[in-house]
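Heads up, the sequence shown is in full-length UniProt numbering, so the first residue is 1 and it goes up one at a time.
By construction, the Cβ of each residue, glycine as well, lies at the ideal position given by its N, Cα and C atoms.
Please read all numbers here as calculations on a predicted model, not as lab measurements.
Structure, as structure tokens:
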Amino acid sequence: LIFFIPNILVQCTISLISRIQTLRGHTDQVYNVEWAPFNESVLASCSSDRRVGIWDLSRIGMEQTPEDAEDGPPELLFLHGGHTSKVSDLSFNTNNEWTIASVSEDNVLQVWNMAEEIYADEENEDTSANSDGGSNDKGGGADQDALGDDELE
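The structure is reproduced here in structure tokens:
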């Protein structure tokens, strides 16, 4: 069971109704959460802060470098920041892992893929994530494949 407190996602057990984990990464009201159909520990959230957060609960408590900690907690894989208005809904593509559709209140639908370097297993991360000099920045934006307005017509 997941419910919302402004700016915070809270995951609880149904039997005890006690908090299991609090995820912090959004800066405003969270509108929707969806579990990934391909991985039981991955979920996405969308918010009025104009962002979509991708979370991997299996990474909770993992050690981080000080540089990585500046980008957020280890369970926050990615923040998609491509919208210019509140993001009101999202959905994982059930046929293509890591493809997500998100829609904002200004009636813009974005279909986007996370870069493989972001969700690669830890053993592959060191070789694939930085082989081109890129980074694992969680800020979202240019490293993803988003369809522009002209491509959706």
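Following the DSSP letters along the chain, one finds Ala-69 inside the alpha helix (DSSP H) bounded by residues 66 to 69.
In this structure, Val-30 lies away from Ser-58, with their beta-carbon atoms at least 9 angstroms apart. Per DSSP, the unbroken alpha helix (DSSP H) holding Glu-117 starts and ends at 116 to 119.
A distance below 6 angstroms between beta-carbons, with the five flanking residues on each side excluded, links Phe-78 to the following residues of its chain, in chain order: Ile-54, Met-114, Ile-118 and Lys-138. In the structure shown, Ser-85 falls within a coil segment according to DSSP collapsed to helix, strand and coil. Using a C-beta cut-off of 8 angstroms, the segment 63 to 70 makes no contact with the segment 84 to 94, since fewer than three inter-stretch Cβ pairs fall below that distance. Around the C-beta of Ile-20, fewer than 16 other C-beta atoms lie within 10 Å, and the residue is accordingly described as exposed. If you draw a straight line from the Cα of Gln-110 to the Cα of Pro-73, it is about 25 angstroms long. Residue burial annotation: Phe-92 is buried, with at least 16 other C-beta atoms found within 10 angstroms of its C-beta. Note on Arg-24: under 16 other CB atoms within 10 angstroms of its CB, so exposed under the neighbour-count rule. Residue range 99 to 104 is occupied by the beta strand (DSSP E) that includes Thr-99.
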